[in-house]
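Protein chains in written order, with our numbering: chain U, 1 to 160; chain V, 161 to 439. C-beta: ideal position from N, C-alpha, C; glycine also. Everything on this sheet refers to the single structure shown next.
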Amino acid sequence: MKKLMVLLLLSCITLPAWADSIGYTVRNTEIKAKPFSDAATLATLPEKASVTIVQRMGGWVRISSSTGNGWVKMLNLRSSSARTGDSGLQSLFNVGRTGSSGITVATGVRGLSSEDVQNASPNPVEFAKLKNYAVNQNQASQFAQSGKLKSYAVEFVAAQ
Amino acid sequence: MAHYKILIIAASLTLSGCAGMDAQQLMQLGSNMAGKVVAANKPVSEAEEIQIGHGIASNLLGAAPLSTNQRAQSYVNNVGRWVSLHTERPNLPWQFGVLESADLNAFATPGGTIFITKGLLQHLKTESELAGVLAHEMVHVLSKHHLAALQKAANLNIAGDFAGQALNTQNNPLLDKALQAGKEVYARGLDKDDEFEADRKGIVIATRSGYDPFGLPAVLQMLDSANAQDSSLALMFKTHPAPAARLSLLDKIMANNFDGYASPTQTDARFNAAVATLK
Ligand SMILES: [Zn+2]
């Protein structure tokens, strides 16, 4: 059982984003040949169409569906109401956890419930460790540079 | 005259059901209030904000300790500190911690201490997703959402009551009261408008930092596809609007405004390496 769990957890980490998860469209949605707005439109999905999500790239996800395969805008999709059975992620979520699955929680797996938060006593020893892990602005900038991250000027968007 | 006022304040507090305070604390509160009338509109100082936040952070660490994985801890600190440089408060003492918990959650405390659980970190796919989560939490700090909420919960005028107090003294009843209120606030959650604001501004802060603007929406999609009944999501779902509602808001405000930003290409290896070391 423990081995199985480890395997499942590992597979969870190495799964490609959105592997085999199911989504549905919240509006008419064009399926594009490439993840760009001006790419060729291959077909149009109606609202509430079910799709299988294969991969994400920026604001786009690659899908397969009975209407066709290609790229659609990620925010045209939701997942919650689309669930009919165990999606890959969902069943992985249930492994080793108490809850709807009824599977016994693995020993040593620690939750963080609202009761835990309310009944907590201060832990100054742990708190003191935080500053050992903290980094300064220079270190953070070097880290960004090594990841080839660039800064952009972007204004906040007004609430709608 | 001053004492007369204190008694009236004390009496009205008692009448309005000010629970959990003994007479001595009440008198202390009363004398503080009387002394701070002038300061009532003074904003909470940054030092006070940080002090309260440290108390709350210590309490959260009492609920779940830090992961002992130093690599993951410094990785999250690097990402978070870089993102923090793109906020309007880059000089706060920002620090980040990975909590040893299988739950999926993240917490911000006043003054810039931010936590993410190991469980959530392990369910993220990219550094951009992590940046999105941390940027969301940073907005709670920037907008002082928790400070306002615990002030309301404790029925305290933090600015007035705390002004000029040495908060670092032991057995400070006002600080105790604020921290007790803090526990309630973290168990119950913020107003949903605070959460929407954190999403709305969080995507912009992550984008400024060079990350994929769709990192946070991708995390919300992951949460939306998860089983809402799972116990590892209980506190997160209790304290936040449903992921689908948060996605709908981002859907409206993002429109085509964020299509021009490419995803970083050089961060996947270090993300995978840091997260893979978490057991
Ligand atoms: Zn939040």
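Cβ-Cβ separation, residue j to residue i (assumed contact under 8 angstroms), whole Å
{"i": "residue 279 of chain V", "j": "residue 392 of chain V", "result": "6 angstroms"}
{"i": "residue 435 of chain V", "j": "residue 357 of chain V", "result": "In fact, because the Cβ distance is near 28 angstroms, the residues do not count as touching under 8 angstroms."}
{"i": "residue 157 of chain U", "j": "residue 417 of chain V", "result": "7 angstroms"}
{"i": "residue 226 of chain V", "j": "residue 260 of chain V", "result": "6 angstroms"}
{"i": "residue 269 of chain V", "j": "residue 306 of chain V", "result": "7 angstroms"}
{"i": "residue 375 of chain V", "j": "residue 291 of chain V", "result": "6 angstroms"}
{"i": "residue 135 of chain U", "j": "residue 237 of chain V", "result": "5 angstroms"}
{"i": "residue 246 of chain V", "j": "residue 369 of chain V", "result": "5 angstroms"}
Terminal residues of the beta strand (DSSP E) in which residue i lies
{"i": "residue 308 of chain V", "result": "Segment 305-314 is the alpha helix (DSSP H) holding residue 308 of chain V; no beta strand (DSSP E) there."}
{"i": "residue 51 of chain U", "result": "50-57"}
{"i": "residue 64 of chain U", "result": "60-64"}
{"i": "residue 386 of chain V", "result": "Segment: none, residue 386 of chain V is in no beta strand (DSSP E) and carries neither H nor E."}
{"i": "residue 153 of chain U", "result": "Note, residue 153 of chain U: premise wrong, no beta strand (DSSP E); not H, not E."}
When the options are compared against residue i, the one with the closest alpha-carbon
{"i": "residue 112 of chain V", "options": "V:277, V:293, V:433", "result": "This structure gives no information on residue 112 of chain V, because the portion of chain V shown stretches from 161 to 439."}
{"i": "residue 79 of chain U", "options": "V:402, V:355, V:418", "result": "V:402"}
{"i": "residue 342 of chain V", "options": "V:207, V:208, V:206, V:213", "result": "V:213"}
{"i": "residue 118 of chain U", "options": "V:304, V:205, V:348, V:305", "result": "V:348"}
{"i": "residue 128 of chain U", "options": "V:215, V:398, V:411", "result": "V:215"}
{"i": "residue 304 of chain V", "options": "V:260, V:272, V:241, V:372", "result": "V:272"}
{"i": "residue 159 of chain U", "options": "V:245, V:354, V:309, V:306", "result": "V:354"}
{"i": "residue 47 of chain U", "options": "U:76, U:34, U:38, U:39", "result": "U:76"}
{"i": "residue 111 of chain U", "options": "V:396, V:368, V:367", "result": "V:396"}
{"i": "residue 345 of chain V", "options": "V:246, V:398, V:439, V:378", "result": "V:398"}
{"i": "residue 311 of chain V", "options": "V:218, V:335, V:242, V:419", "result": "V:335"}
{"i": "residue 285 of chain V", "options": "V:267, V:379, V:229", "result": "V:379"}
{"i": "residue 430 of chain V", "options": "V:208, V:218, V:233, V:228", "result": "V:233"}
{"i": "residue 24 of chain U", "options": "V:385, V:419, V:400", "result": "V:385"}
{"i": "residue 241 of chain V", "options": "V:230, V:281, V:314, V:255", "result": "V:255"}
{"i": "residue 373 of chain V", "options": "V:423, V:405, V:389", "result": "V:423"}
{"i": "residue 367 of chain V", "options": "V:287, V:266, V:230, V:264", "result": "V:287"}
{"i": "residue 64 of chain U", "options": "U:38, U:32, U:36, U:40", "result": "U:32"}
{"i": "residue 428 of chain V", "options": "V:208, V:388, V:239, V:253", "result": "V:239"}
{"i": "residue 207 of chain V", "options": "V:365, V:316, V:251", "result": "V:251"}
{"i": "residue 400 of chain V", "options": "V:352, V:433, V:432, V:410", "result": "V:352"}
Three-way DSSP call (helix, strand, coil) for residue i in this model
{"i": "residue 146 of chain U", "result": "helix"}
{"i": "residue 103 of chain U", "result": "Bear in mind that a pLDDT of 33 at residue 103 of chain U, under 50, signals an unreliable position, so the number given afterwards is only what the model happens to contain. Correct three-state label for residue 103 of chain U: coil."}
{"i": "residue 249 of chain V", "result": "coil"}
{"i": "residue 242 of chain V", "result": "helix"}
{"i": "residue 421 of chain V", "result": "coil"}
{"i": "residue 32 of chain U", "result": "strand"}
{"i": "residue 204 of chain V", "result": "coil"}
{"i": "residue 24 of chain U", "result": "strand"}
{"i": "residue 87 of chain U", "result": "Low per-residue confidence applies at residue 87 of chain U: pLDDT is 40, beneath 50, and the placement is therefore not dependable enough to give any value."}
{"i": "residue 222 of chain V", "result": "helix"}
{"i": "residue 431 of chain V", "result": "helix"}
{"i": "residue 134 of chain U", "result": "coil"}
{"i": "residue 258 of chain V", "result": "strand"}
{"i": "residue 374 of chain V", "result": "coil"}
{"i": "residue 43 of chain U", "result": "strand"}
{"i": "residue 3 of chain U", "result": "Note that residue 3 of chain U scores a pLDDT of 46, beneath 50, so its modelled location is shaky; the value from the coordinates is reported in the next line. Three-state DSSP puts residue 3 of chain U in a helix."}
{"i": "residue 120 of chain U", "result": "coil"}
{"i": "residue 94 of chain U", "result": "Interpretation of residue 94 of chain U is limited by its pLDDT of 37, a score under 50 that renders its predicted location unreliable; no figure is taken from the coordinates."}
{"i": "residue 290 of chain V", "result": "helix"}
{"i": "residue 78 of chain U", "result": "strand"}
Residue span of the alpha helix (DSSP H) that contains residue i, given as start and end
{"i": "residue 362 of chain V", "result": "352-368"}
{"i": "residue 73 of chain U", "result": "Residue 73 of chain U -> not in any alpha helix (DSSP H); beta strand (DSSP E) instead, spanning 70-73."}
{"i": "residue 345 of chain V", "result": "333-348"}
{"i": "residue 399 of chain V", "result": "394-399"}
{"i": "residue 407 of chain V", "result": "403-414"}
{"i": "residue 111 of chain U", "result": "No alpha helix (DSSP H) contains residue 111 of chain U, which DSSP labels as neither H nor E."}
Within-8 angstroms CB hit, residue i to chain A
{"i": "residue 297 of chain V", "result": "The question asks about chain A, but that chain is absent: this structure's protein chains are U and V."}
**Request:** Could you please tell me which residues of the region 36-70 of chain U, in chain order, have their CB closer than 9 angstroms to any CB of chain V?
**Result:** 36, 37, 53, 56, 57, 58, 59, 60, 61
**Request:** Check each residue of the region 350-380 of chain V: if its Cβ is closer than 9 angstroms to any Cβ of chain U, include it; give the result in chain order.
**Result:** Of all residues in the region 350-380 of chain V, 353, 356, 357, 360, 361, 363, 364, 365, 367, 368, 369, 370, 371, 372, 373, 374, 377, 378 have a Cβ within less than 9 angstroms of some Cβ in chain U.
**Request:** Quick one: which residues of the region 108-131 of chain U get their C-beta closer than 7 angstroms to a C-beta of chain V? List them in chain order.
**Result:** 109, 110, 111, 112, 113, 114, 116, 117, 118, 120, 121, 122, 123, 124, 126, 127, 129, 130, 131
**Prompt:** Of the residues that make up the region 135-153 of chain U, which ones have a beta carbon closer than 9 angstroms to any beta carbon in chain V?
**Reply:** So the close ones are 135, 136, 137, 139, 140, 141, 142, 143, 144, 146, 147, 148, 149, 150, 151, 152, 153.
**Prompt:** Mind listing which residues of the region 270-282 of chain V have their C-beta closer than 7 angstroms to chain U's C-betas, in chain order?
**Reply:** Result list: 273, 277, 282.
**Asked** Along the region 246-266 of chain V, what residues have a CB closer than 8 angstroms to any CB found in chain U?
**Response** 246, 250, 253, 254, 255, 256, 257, 259, 260, 261, 262, 263, 265
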